[in-house]
Amino acid sequence: MDPNAIDKAPDAADAWPDQIYDLLKKHEIRQVCLVPDAGHSRLIKRCLADNEIIVTTLTTEEEGIALMQGAWLGGDKSVLLMQSSGVGNCINMLSLSHIHRCPMPMLVTMRGDFGEFNPAQVPMGNATQAVLEAMGTLVKRADTPEDIAPTVDAVIRMAFNTFRPAAALIGQRVIGAKTFGKD
Amino acid sequence: MLAESGKLDRRELTRALLADRGDLAVIAGLGAPCWDITAVGDHKLNLPLWGGMGAAAMIGLGLAQAQPTRPVLVLTGDGEMLMGIGALATIAVKKPKNLAIVVQDNEHYGETGMQETATKYGVDLVAMAKGAGFKHTMFVTKPEEVPALRAAIHAGDGPFFAVAKIDAGSKKLVLPPRDGAAIQHRMREAILGDAAYHQL
């Protein structure tokens, strides 16, 4: 990973990004939409390399909420990948899930959450779970690497089995925060 | 098809675009396009949006990608399209052949007291779509251009984007079903059959 990038990606030895990819395949996810995050970088690469998954890169995360609505109308299961700041862009659009009872699973890598360096990430990172829940989203957190796959699995199941928005928050404690030598 | 203003009548335009629609699925953006598609004949393949302003084009993309052989029309207003304008970039990159977006442009926010939108001041949505990379676009102001617009929606060489300048007058309210779960389910059933209720 680029040592000059401001966000931290998972280490090559971490298994959880590949475990999430395996879960997307198990649940027959056909469309993956995203605004990139370093925490999801390996998962995004794996999805892009998979000809059975349609990857849509969005200009803003709320487009992903709308895309999931359209995909479900056509019989495709989809997920939205984003970082916690992007959750703030989705809030009004999440009403679509409640209007239509549309399954909308979201996999969110947290910033501004645990040992954050960048002041700009903190307001939305600190509010992510509260605003999702205020919009009726089921929210489950994973703060250890071994807890990520079961949490993502549960969130995908709850979204599609109970027709709701559901979010898995992958804690910054798992990936770690960059410190830029200011330890 | 022209109103007294000399601009296209939105409802007559909608009626012409949806005539002999075949298996066309229609997403209608929040507001008057929903009343228009309902006034010319409610349909199981109609999804009128009661909310989610700015969502219509992206819902169209998700559906078009899930059902790549079915024509999908997003019929929306200028205010709704402006709110989700980034979708033009997203859609142009994905190049869905079966997706058409038609903006009924009355240059006003019709549901909130007829405040002017940016298109009133010359913002050119067709130029924005072209700039995003849409190869097929139309700018429609005359009734004799409408048959070609209808044909482009069904042509399958999209993504296609059009602006039709319409009269700003509001029409009789013809409300679609208000239960969003019901209108989602009827479209899924029309597309997927019984499998719509058994998807795991």
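Protein sequence lines correspond, in order, to chains A and B. Residues in the first sequence are numbered consecutively from 29, following our numbering. Residues in the second sequence are numbered consecutively from 3, following our numbering. We put the CB at the ideal spot given by N, CA and C, even for glycine. Since this is a predicted model, take the numbers as computed values, not measurements.
Own chain residues within Cβ distance below 6 Å of residue i, not counting five before or after
{"i": "A102/B", "result": "L75, I155, G160 and F162"}
{"i": "Y49/A", "result": "L71 and R74"}
{"i": "A195/A", "result": "M134, V136, L160, T165 and V167"}
{"i": "G116/A", "result": "M152"}
{"i": "K167/B", "result": "K9, D107 and T143"}
{"i": "D35/A", "result": "A66"}
{"i": "H55/A", "result": "I184"}
Outcome for residue i when other beta-carbon atoms lying within 10 angstroms are tallied against a minimum of 16
{"i": "M116/B", "result": "exposed"}
{"i": "N79/A", "result": "exposed"}
{"i": "A40/A", "result": "exposed"}
{"i": "D169/B", "result": "buried"}
{"i": "N100/B", "result": "buried"}
{"i": "A170/A", "result": "buried"}
{"i": "R139/A", "result": "buried"}
{"i": "A77/A", "result": "exposed"}
{"i": "I57/A", "result": "buried"}
{"i": "V105/B", "result": "buried"}
{"i": "P147/A", "result": "exposed"}
{"i": "V95/B", "result": "exposed"}
{"i": "T16/B", "result": "buried"}
{"i": "E118/B", "result": "exposed"}
Cβ shell of residue i (< 7 Å), same chain only, five flanking positions each side left out
{"i": "V119/A", "result": "According to the sequence provided, residue 119/A is Ile. The question's Val does not apply to it. Excluding residues within five positions, the ones whose Cβ falls inside 7 Å are V159 and M163."}
{"i": "A182/A", "result": "K168"}
{"i": "T190/A", "result": "none"}
Cβ shell of residue i (< 8 Å), same chain only, five flanking positions each side left out
{"i": "R13/B", "result": "D38, A41, V42 and K173"}
{"i": "K46/B", "result": "R188, M189, E191 and A192"}
{"i": "E147/B", "result": "M140"}
{"i": "Q67/B", "result": "K96 and P98"}
{"i": "P173/A", "result": "D42, A43, W44 and V202"}
For residue i, the residue or residues it bridges with in DSSP
{"i": "L19/B", "result": "According to DSSP, L19/B bridges with nothing at all."}
{"i": "V136/A", "result": "M110/A and L197/A"}
{"i": "I29/B", "result": "L49/B and V76/B"}
{"i": "K206/A", "result": "Its beta-bridge partners do not exist; DSSP assigns none."}
{"i": "L10/B", "result": "L4/B and I168/B"}
7 Å Cβ cut-off: residues of chain E touching residue i
{"i": "G88/B", "result": "Considering every chain present, this structure includes no chain E. Its protein chains are A and B."}
Chain A contacts made by the stretch 53-64 of chain B, where a contact means CB separation under 9 Å: G53, G54, M55, G56, A57, A58, A59, M60, I61, G62, L63 and G64
Below 7 Å between beta carbons is the criterion; list the residues of the stretch 23-50 of chain B that meet it against any residue of chain A, in chain order. L49
Which residue spans inside the stretch 86-148 of chain B form an unbroken alpha helix (DSSP H) run of at least 4? 89-96 and 127-134
Length-filtered (4 minimum) alpha helix (DSSP H) runs lying within the stretch 140-202 of chain A: 150-162 and 173-190
Of the residues that make up the stretch 159-191 of chain A, which ones have a beta carbon closer than 9 Å to any beta carbon in chain B? F188, N189 and F191
Could you give the uninterrupted runs of the beta strand (DSSP E) lying entirely in the stretch 35-81 of chain B, keeping only those of 3 residues or more? 48-50 and 74-79
Chain B contacts made by the stretch 92-115 of chain A, where a contact means CB separation under 9 Å: G92, I93, A94, L95, M96, Q97, G98, A99, W100, L101, G102, G103, D104, K105 and S106
Where in the stretch 72-112 of chain A do unbroken runs of the alpha helix (DSSP H), each at least 4 residues long, occur, reported from the N-terminal end onward? 89-101
The stretch 66-86 of chain A: which residues have C-beta closer than 8 Å to a C-beta of chain B, in chain order? I82, T84, T85 and L86
Looking at chain B, which residues of the stretch 118-141 of chain A have a Cβ within less than 7 Å of any of its Cβ atoms? M121, S123, L124, I127, H128, R129 and C130
Runs of 4 residues minimum, wholly inside the stretch 44-68 of chain A: which ones carry the alpha helix (DSSP H) assignment? 44-54
Given a limit of 8 Å on CB to CB distance, which residues of the stretch 171-199 of chain B reach chain A? G182, A183, I185, Q186, M189, R190, I193, L194, A197 and A198
The stretch 90-107 of chain B: which residues have C-beta closer than 8 Å to a C-beta of chain A, in chain order? A91, T92, V95 and K96
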